[in-house]
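Scroll down for the structure; my scribbles are underneath it.
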Amino acid sequence: MHLTKATMDDLDRVIEILKDGRNQLAERGIDQWQGDYPNPKQVEEDINKGVAYLVHSDDHETVGAF
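Residues 147 to 212 in the working numbering are what the sequence shown spells out, letter by letter.
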């Protein structure tokens with residue numbers, strides 16, 4: 147596993163990963179992240195600040211974001 151800084155090219159993938167995490171939490175009855183946080187604008191701001199990262203598996207699949 148390895149980390150890379152997210153770029154604007156990764157924006158849609160980061161949002162997709164966060165949405166999937168939000169859905170998994172909701173399925174388990176956990177209300178964390180059920181509002182509009184983080185929203186696409188906040189993700190974009192984090193990418194531009196250089197504080198958003200992607201997690202990649204050993205076979206280079208993107209499996210997480212933070």
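Glycine residues also receive a C-beta, built at the ideal position from the N, C-alpha and C atoms.
For Lys-187, the closest of Leu-157, His-148, Met-147, Asp-204 by C-alpha to C-alpha distance is Leu-157. For His-202 and Asp-155, the gap between their C-alpha atoms comes out near 15 Å. In this structure, the straight-line span from the alpha carbon of Thr-150 to that of Val-209 is close to 12 Å. The beta carbon of Ala-152 sits closer than 7 Å to those of Val-160, Ile-193, Ala-198, Tyr-199, Leu-200, Ala-211, all from its chain and outside the five residues before and after it, given in chain order.
Minimum Cα-Cα distance from Val-189 among the listed residues Ile-163, His-148, Met-147 corresponds to Ile-163.
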